[in-house]
Amino acid sequence: MASSPRLVVNLDIAGPTISRHIYGHFAEHLGRCIYGGFWVGENSEIPNTRGIRNDVVGALRELRIPNLRWPGGCFADEYHWRDGVGPREQRPRMVNSHWGDVVEDNSFGTHEFMDLCEMLGADAYVNGNVGSGTVQEMSEWIEYLTRADDSPMAALRRQNGQDEPWKVPFFGIGNEPWGCGGHFRAEAYADVARQYSTFVRSHNGNEVYRIAAGANADDVAWTKALMEALPDKGGADRKPFPYQGISLHYYTMSGHWDAKGSATEFTEEEYWKTVKAAYHIETLLSAHSTMMDVYDPHKAVGLVLDEWGTWWDVEPGTNPGFLYQQNTVRDALVAAIHFDSFHRHADRLVMANIAQTVNVLQAMLLTDPESGALVKTPTFHVFAMNAGHQDAAVLHTHVDSGASHEVDGARLPTFTASASTKDGQVLISVANLGLEDESEVVLDLRGGELEHVEALVLGGDSVAAFNAPAHPNAVAPRPLAVKEREGQLVLRLPAHSFATVRGTLAGQAPAAAAATAAVATATAAGSKPCLNC
Ligand code: AHR
């Protein structure tokens, strides 16, 4: 018989810091992500600032999104940045052959992207072109973006209206080189990554964190090849490395690539297969991290999961190349499972980017192409409710799921959780993955006490509930009661729901909390990304 889930949280045992960058995002020139999603142009009736939708920026600012990856994805390896700078009416057109075979007019380019990042308060993660570009092109892009003096590219940037160099902390060396990025073999790409990275210079104090394009899901051999190619293995200082991070891509689906399943109409069996696929992220992060440990025990090289999320069949009647899908409570639970795993791997995982921010795959926001109406998805709310984990220290926890569900021979815990602390505050995330029953969850807090406790719960009438312009808050956070019982906290979690509990550590002197906060702010404000510390 199933017992209640129990979460032991050791409030006095803090582990590594959860990089805020694991709450990162991805925006590709794909379907209606950039065009219609972020960018409507200055003459649009939709309220905008220099062409960028005000409502989208406003909503995303609620998430405190730490970084935004652009322009792809597969698109990055056919994108030539010079086509996207200078007077818009003179920009050349191209065919976006990966995504819908549509004509791209380059009206959203480097300046528009950097403007967007500034509006969002997000760091730029620019992904360069290896597949169809050149070393010179990549080298000149980072010069254009970040150089301060009168170098040729800095002069060109000024001519195009931007005097000051931008900060670009993150730069990707191609994308999925094993596939759309050029069908490289691992060792061949590793050499190319070394070569291209060399020419992505850190100009005048803009220290670039270069990210070599990593493995597809279980392909640990790819990670091995990239680690083996590092010249100075095991050094605690990441400086000698040509690239500082290695990426990984993993998508969750209930079926397979040829039949991924519907976003909104799914059976219980498909739901549990999705949960199983989501839990697989734990295996992947462990496997790739362990491989990296062999070569880099000091964890100087970061693991960057720069594409993750659900991938369903497109909504009926939409362009198959635009990857537009609805987003239900199931998607929210997939996100919750991923974040708990990310927190457990905070020592190696330095960044993660959900695919993608608006109107594509597991989006935060969906915009209606006719009315322009904006809807926040269930996944948006998980990001918002979990935002307090950014740059917080992971707390040591023990999860006793109480119940499990068998899927294809695997027993899946029906309860998942994680916890962190920062500035005297504690944030606990919990999810009931079960479809039938409400769960009484016991939070067994040890090594301290929490005061001013409050909780939010996210769920819906069914696990397939979603938000749409006609019912934008069908799935939205609501207050949840937390009771104290014999020194423990108890909450009743509805079936298929996600909740966060926050509280203040009792006895935290306000001055001490303020000092911790000041240090954290100073670290966050530094120009060098402190990803792995
Ligand atoms: O996110 C959609 C696509 O998925 C990206 O362009 C590509 O990198 C991946 O295959």
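The sequence shown maps to residues 5 to 537 in our numbering. A virtual CB, placed ideally from N, CA and C, is assigned to each residue, including glycine.
Inset, instruction - Run the proximity test for G76: is its beta-carbon closer than 6 Å to any non-hydrogen atom belonging to the ligand AHR? - result: Walking along the sequence shown from the start, residue 76 turns up at place 72. G76: yes, Cβ under 6 Å from the ligand AHR.
Legend entry - For K228, the three-state DSSP class (helix, strand or coil): Taking the first residue of the sequence shown as 1, we reach residue 228 at position 224. Reduced to three states, the DSSP call for K228 is helix.
Inset, instruction - Report yes or no: do three or more beta-carbon pairs, one from the stretch 393-407 and one from the stretch 357-374, lie closer than 8 Å? - result: no
Legend entry - Beta-carbon contacts of D81 that lie in its chain and below 7 Å, excluding the five residues immediately before and after: Within the sequence shown, numbered from 1, the residue matching residue 81 stands at position 77. If we look at D81 and ignore the five residues flanking it on each side, its Cβ neighbours are N133, V134, G135, S136, G178, N179, C184, G185 and G186.
Legend entry - Under 7 Å between C-beta atoms of H284 and L307: Walking along the sequence shown from the start, residue 284 turns up at place 280. Walking along the sequence shown from the start, residue 307 turns up at place 303. Their beta carbons are not under 7 Å apart, which means H284 does not touch L307 by this criterion.
Inset, instruction - Output the boundary residues of the beta strand (DSSP E) element that contains Q492. - result: For the purposes of this step, residue 492 is identified with residue 488 of the sequence shown, where counting begins at 1. That run of the beta strand (DSSP E) goes Q492 to L497.
Inset, instruction - Name the residue from R489, M123, H29 and D16 whose alpha carbon lies nearest to the alpha carbon of L369. - result: For the purposes of this step, residue 369 is taken as residue 365 along the sequence shown, with counting starting at 1. Checked all of R489, M123, H29 and D16; the closest Cα to L369 is H29.
Inset, instruction - Answer yes or no: the CB of D194 versus the heavy atoms of the ligand AHR, is any distance below 6 Å? - result: Taking the first residue of the sequence shown as position 1, residue 194 is located at position 190. Note that residue 194 is Ala in the sequence shown, not Asp. Not so, every heavy atom of the ligand AHR lies at least 6 Å from the Cβ.
Legend entry - Pick from P9, I215, K277 and A499 that is closest to Y247, judged by C-alpha positions: Along the sequence shown, one-based indexing puts residue 247 at 243. Of P9, I215, K277 and A499, the residue nearest in Cα terms is I215.
Inset, instruction - Assess, as a yes-or-no matter, whether the stretch 314-328 is touched by the stretch 478-496 under the definition of 3 or more beta carbon pairs within less than 8 Å. - result: no
Legend entry - As assigned by DSSP and simplified to three states, the class of D448: Taking the sequence shown and counting its residues from 1, the one referred to as residue 448 is at position 444. Strand, per DSSP.
Legend entry - In DSSP terms, what Y254 is bridged to: By one-based count along the sequence shown, residue 254 stands at place 250. Bridge partners of Y254: W312.
Legend entry - Short Cβ contact (7 Å threshold) for F203 with S251: Taking the sequence shown and counting its residues from 1, one reaches residue 203 at position 199. Taking the sequence shown and counting its residues from 1, one reaches residue 251 at position 247. Contact: no.
Inset, instruction - In angstroms with no decimal places, state the Cα-to-Cα distance between P301 and L289. - result: Here residue 301 refers to the residue found at position 297 when the sequence shown is read from its first residue. Here residue 289 refers to the residue found at position 285 when the sequence shown is read from its first residue. If you take the alpha carbons of P301 and L289, they lie about 15 Å apart.
Inset, instruction - Can you say whether Q140 is buried or exposed, counting buried as having 16 or more other CB atoms within 10 angstroms of its CB? - result: Looking up residue 140 in the sequence shown gives position 136. Result: exposed.
Inset, instruction - Could you tell me if the beta carbon of E180 falls within a distance shorter than 6 Å of some heavy atom in the ligand AHR? - result: Along the sequence shown, read from residue 1 onward, the residue named residue 180 stands at position 176. For the ligand AHR, at least one heavy atom lies less than 6 Å from the Cβ of E180.
Inset, instruction - List the endpoints of the continuous beta strand (DSSP E) containing H400. - result: Stepping through the sequence shown from its first residue, residue 400 is reached at position 396. It spans A397 to D404 - the beta strand (DSSP E) in which H400 sits, taken as one unbroken run.
Inset, instruction - Would you check if there are 3 or more beta carbon pairs closer than 8 Å linking the stretch 227-237 to the stretch 263-270? - result: no
Legend entry - the stretch 79-98 / the stretch 32-44 touching (three or more Cβ pairs under 8 Å): yes
Legend entry - Paired residues, beta bridge with A128 - DSSP: Within the sequence shown, residue 128 is the residue found at index 124, counting from 1. Answer is L72.
Inset, instruction - With a 10 Å radius around its C-beta and 16 neighbouring C-beta atoms as the bar for buried, classify I17 as buried or exposed. - result: Translated into positions along the sequence shown, residue 17 becomes position 13. Looking at its Cβ environment, which holds fewer than 16 other Cβ atoms inside 10 Å, I17 is exposed.
Inset, instruction - Whole angstroms is fine: what's the gap from E274's alpha carbon to K171's? - result: Here residue 274 corresponds to residue number 270 of the sequence shown, with the count starting at 1. Here residue 171 corresponds to residue number 167 of the sequence shown, with the count starting at 1. Straight-line Cα distance between these residues: approximately 44 Å.
Inset, instruction - Using the Cα positions of V89 and N131, report the straight-line distance between them to the nearest angstrom. - result: Working through the sequence shown from its first residue, we reach residue 89 at position 85. Working through the sequence shown from its first residue, we reach residue 131 at position 127. Distance between the alpha carbons of V89 and N131 is about 16 Å.
Legend entry - Three-state class that DSSP yields for P417 in the structure shown: In the sequence shown, the residue the question calls residue 417 occupies position 413. Correct three-state label for P417: strand.
Legend entry - Cβ-based burial, W74 [other Cβ within 10 Å; buried from 16]: Taking the sequence shown and counting its residues from 1, one reaches residue 74 at position 70. Per the 10 Å Cβ criterion, buried.
Legend entry - Own chain, CB closer than 7 Å to S345, minus 5 neighbours either side, in chain order: Counting from one through the sequence shown, the residue named residue 345 turns up at place 341. If we look at S345 and ignore the five residues flanking it on each side, its Cβ neighbours are I285, E286 and L289.
Inset, instruction - Tell me whether G176 is buried or exposed, calling it buried when 16 or more other Cβ atoms sit within 10 Å of its Cβ. - result: In the sequence shown, residue 176 corresponds to position 172, counting from 1. Looking at its Cβ environment, which holds 16 or more other Cβ atoms inside 10 Å, G176 is buried.
Legend entry - Segment limits, beta strand (DSSP E) that includes D16: Residue 16 sits at position 12 when you count from the first residue of the sequence shown. Segment R10 to T21, the beta strand (DSSP E) holding D16.
Inset, instruction - Could you work out which residue in Y148, W43, T138 and P169 is closest to H201 when comparing CA atoms only? - result: Numbered from 1 along the sequence shown, position 197 holds the residue referred to as residue 201. The question names His, yet the displayed sequence has Ser at residue 201. Comparing Cα-Cα distances from S201 to each of Y148, W43, T138 and P169, the minimum goes to T138.
Inset, instruction - Report the rounded CA-to-CA distance for R10 versus L447, giving the unit in angstroms. - result: By 1-based counting over the sequence shown, the position of residue 10 is 6. By 1-based counting over the sequence shown, the position of residue 447 is 443. Distance between the alpha carbons of R10 and L447 is about 6 Å.
Inset, instruction - Look up V196 in the DSSP assignment and say whether it is helix, strand or coil. - result: In the sequence shown, the residue the question calls residue 196 occupies position 192. V196 falls in the helix class under three-state DSSP.
Inset, instruction - Please state whether DSSP places V279 in a helix, a strand or coil. - result: For the purposes of this step, residue 279 is identified with residue 275 of the sequence shown, where counting begins at 1. Residue state, collapsed to three classes: helix.
Inset, instruction - Give the single residue among S375, M118, M98 and H102 whose Cα lies nearest to the Cα of N110. - result: Within the sequence shown, numbered from 1, the residue matching residue 110 stands at position 106. Closest option to N110, Cα to Cα, is M98.
Legend entry - Three CB pairs or more closer than 8 Å across the stretch 330-342 and the stretch 36-55: no
Legend entry - Proximal residues to K426 (C-beta, below 6 Å), its chain only, five neighbours per side dropped: Counting from 1 along the sequence shown, the entry for residue 426 is found at position 422. Here the set comprises A396.
Inset, instruction - Using a threshold of 7 Å, state whether the C-beta atoms of L67 and A377 are closer than that. - result: In the sequence shown, the residue the question calls residue 67 occupies position 63. In the sequence shown, the residue the question calls residue 377 occupies position 373. Cβ atoms of L67 and A377: not closer than 7 Å.
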